[in-house]
Every structure is written in structure tokens, then in C-alpha cells.
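Residue numbers (the numbering used here), protein chains in the order written: chain A, 686 to 797; chain B, 286 to 400.
Each remark here refers to the structure printed beneath this line.
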Amino acid sequence: DQQVKQNSPSLSVQEGRISILNCDYTNSMFDYFLWYKKYPAEGPTFLISISSIKDKNEDGRFTVFLNKSAKHLSLHIVPSQPGDSAVYFCAATLTGANNLFFGTGTRLTVIP
Amino acid sequence: KAGVTQTPRYLIKTRGQQVTLSCSPISGHRSVSWYQQTPGQGLQFLFEYFSETQRNKGNFPGRFSGRQFSNSRSEMNVSTLELGDSALYLCASTSGLLATGDTQYFGPGTRLTVL
Numbered sequence: 686d687q688q689v690k691q692n693s694p695s696l697s698v699q700e701g702r703i704s705i706l707n708c709d710y711t712n713s714m715f716d717y718f719l720w721y722k723k724y725p726a727e728g729p730t731f732l733i734s735i736s737s738i739k740d741k742n743e744d745g746r747f748t749v750f751l752n753k754s755a756k757h758l759s760l761h762i763v764p765s766q767p768g769d770s771a772v773y774f775c776a777a778t779l780t781g782a783n784n785l786f787f788g789t790g791t792r793l794t795v796i797p
Numbered sequence: 286k287a288g289v290t291q292t293p294r295y296l297i298k299t300r301g302q303q304v305t306l307s308c309s310p311i312s313g314h315r316s317v318s319w320y321q322q323t324p325g326q327g328l329q330f331l332f333e334y335f336s337e338t339q340r341n342k343g344n345f346p347g348r349f350s351g352r353q354f355s356n357s358r359s360e361m362n363v364s365t366l367e368l369g370d371s372a373l374y375l376c377a378s379t380s381g382l383l384a385t386g387d388t389q390y391f392g393p394g395t396r397l398t399v400l
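As C-alpha cells, then:
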């Protein structure tokens, strides 16, 4: 039972344009969300997070938006760079817990 | 600060054997979580240890077990290996609780191949 879903397995974007990665979740008890970037044979690298009490969090080129009513979050990367090419995972967790529920990932390719 | 380290990085075992993987968290981090990544199931939570106690457990059979030592280092053990246990095993450390704003940092993983 996949509680966190990323319905787009892949996304291609031109360098300099905006990349938008989407994530949906089913468990309304999730209250903290994170985005990770992953290269093959490496561990995920933390990018940005957002608490359920916020609807937006920004860190440099990365912005995460949370729509609790729709149980949807998105990661915006502006401007996209070739070095952003990787698999992006969204993850969610519950209050008082450190176990992450991961989505299936979206492979982003930024074309120079 | 040194990151999360995992040993060994690669391991080849045969069915029926057992294996032990090791993880050293970031200095000062008391929570260690383990995850399994496979092409079919994605990234799945195995268990979390905090101050030498298992605090949370995922939906894996009892063949998967772990422990944490007083210096926060952790090991996970898989007994009676099956072909389906072939995966990338990831360890992650957290200072406190994620929902309070802490971050979970991952190690490079151990690639286990079961033949």
C-alpha cells in the first residue's frame, strides 16, 4: 500500500527552465515532508523539507509547496541546471517518528 | 563533520547464509534508521533505533534484525538470505525528531547481492 506516490516516473526539462516535480499522499496524519535527490549507488541527499503547518518553503533554487487539502506537494527548481539531473524522491513522516515513507521517485533530466 | 558511513559497500552472499551490515551515524546523532531499496518495492523502512532501543519497525519478516550500541553505531542482520533480499541497504541518522525540523542524513549504502 503506497502511501506516498509520484505518478511521473520521468521528466525532461531544458536548462534554465523550471522543473516541477509532484507528489501525492494518502495518509492525512503525515505532518512533515521532505525531498531527496539520489544518484545511482549512492544514498539520498536531503534537499528541502516542509512542515504541515506551512504551505511553502524556499531554499535557493528549490521551493516546496504543500496543499494539505489536496494531499499534494510539489518541488520547484528554478532555474534548472544539468547538475540537477538525478532521481528525486518525496518522503513523508508522522509526528514523533523518524521512519520515512518514500514515493517511487521521478527521474529528472535537465537538457543543456 | 563526517557523514554517515556504512560498511561494507558491496557484499555477495549465497542463499541461506546470513549477513551483518554496519553503520556509523553522524557524531552526536542518536537515531539510526535502516531502509531497503529494490527496483520493485522502492525505498522501504526497515527499523529505527534510538538510544539502543528499537523505536519503530517496518513490515519486514523476523529474518531482518538490528541493534544499536552505546556509541550509536548500528548493525543490521539478515539471516537465511533469500534471492529477494538483494538490494541496496541504506542507513540514515537523525539528531532528534524529523517533525521538529531535524534532517535525516543517509549513508552511501551497502549493495547486497544474493546468489
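We put the beta carbon where it would ideally sit given N, CA and C, even for glycine.
Residue i and residue j closer than 9 Å at C-beta
i, j, result
"Thr395(B)", "Gln291(B)", "yes"
"Gln688(A)", "Gly790(A)", "no"
"Leu760(A)", "Ile705(A)", "yes"
"Val304(B)", "Phe391(B)", "no"
"Leu785(A)", "Ala377(B)", "yes"
"Phe332(B)", "Gly347(B)", "no"
"Thr385(B)", "Ser316(B)", "no"
"Leu400(B)", "Arg300(B)", "yes"
"Leu758(A)", "Ile738(A)", "no"
"Tyr773(A)", "Arg792(A)", "yes"
"Asp740(A)", "Asn752(A)", "yes"
"Ser312(B)", "Arg358(B)", "no"
"Lys756(A)", "Tyr710(A)", "yes"
"Gly788(A)", "Gly343(B)", "no"
Reduced DSSP category for residue i - H, G, I as helix; E, B as strand; rest coil
i, result
"Asp686(A)", "coil"
"Gly381(B)", "coil"
"Gly369(B)", "helix"
"Gly701(A)", "coil"
"Gly768(A)", "helix"
"Ser693(A)", "coil"
"Ala782(A)", "coil"
"Lys298(B)", "strand"
"Gly351(B)", "strand"
"Asn362(B)", "strand"
"Asn402(B)", "For chain B, the structure presents residues 286 to 400; residue 402(B) sits outside this window and is missing."
"Gln389(B)", "strand"
"Leu758(A)", "strand"
"Thr789(A)", "coil"
Neighbour-count burial assignment, residue i, 16 or more Cβ in a 10 Å radius
i, result
"Ala777(A)", "buried"
"Ala771(A)", "buried"
"Tyr295(B)", "exposed"
"His314(B)", "buried"
"Gly325(B)", "exposed"
"Thr365(B)", "exposed"
"Met361(B)", "buried"
"Tyr649(A)", "Outside the displayed span of chain A (686 to 797) sits residue 649(A), for which this structure offers no information."
"Ala782(A)", "buried"
"Lys723(A)", "buried"
"Phe335(B)", "buried"
"Ile297(B)", "exposed"
"Phe354(B)", "exposed"
"Leu368(B)", "exposed"
"Ser697(A)", "exposed"
"Pro729(A)", "buried"
Near the ligand ZN: residue i beta-carbon under 8 Å from a heavy atom
i, result
"Phe731(A)", "What this structure holds is no ligand at all, so the ligand ZN is not there to describe."
Could you please tell me which residues of the segment 711-738 of chain A, in chain order, have their CB closer than 9 Å to any CB of chain B? For the segment 711-738 of chain A, residues whose beta-carbon sits nearer than 9 Å to a beta-carbon of chain B comprise Asp716, Tyr717, Leu719, Tyr721, Lys723, Ala726, Glu727, Gly728, Pro729, Thr730, Phe731, Ser734, Ser736 and Ser737.
Worksheet item: Which of the residues in the segment 761-788 of chain A, read from start to end, lie with their CB under 9 Å from any CB of chain B?
Response: So the close ones are Phe774, Ala776, Thr778, Leu779, Thr780, Gly781, Ala782, Asn783, Asn784, Leu785, Phe786, Phe787 and Gly788.
**Q.** Interfacial residues, the segment 738-762 of chain A to chain B, with Cβ spacing under 8 Å
**A.** Result list empty, no residue passes.
Output, in sequence order along the chain, the residues in the segment 386-398 of chain B whose CB is closer than 9 Å to any CB in chain A.
Per Cβ criterion, the list reads Gly386, Asp387, Thr388, Gln389, Tyr390, Phe391, Gly392, Pro393, Gly394 and Arg396.
Report task. Please specify which runs of the beta strand (DSSP E), each continuous and at least 3 residues long, are wholly inside the segment 310-345 of chain B, giving them in chain order. Result -> Within the segment 310-345 of chain B, the complete beta strand (DSSP E) runs of at least 3 residues fall at 316-323, 327-335 and 338-342.
Checklist line | Whole runs of the beta strand (DSSP E) within the segment 703-749 of chain A, excluding any shorter than 3 residues | finding: As far as the segment 703-749 of chain A is concerned, its whole beta strand (DSSP E) runs of at least 3 residues are 704-710, 717-723, 730-736 and 741-744.
**Report entry** the segment 342-357 of chain B: positions lying closer than 8 Å to chain A by Cβ
**Finding:** Correct list: Gly343.
Contacting positions in the segment 693-713 of chain A - beta carbon closer than 8 Å to chain B:
Hits within the stretch: zero.
Original post:
Given a limit of 7 Å on CB to CB distance, which residues of the segment 370-381 of chain B reach chain A?
Top reply: Contact residues of the segment 370-381 of chain B toward chain A are Leu375 and Thr379 (C-beta to C-beta distance below 7 Å).
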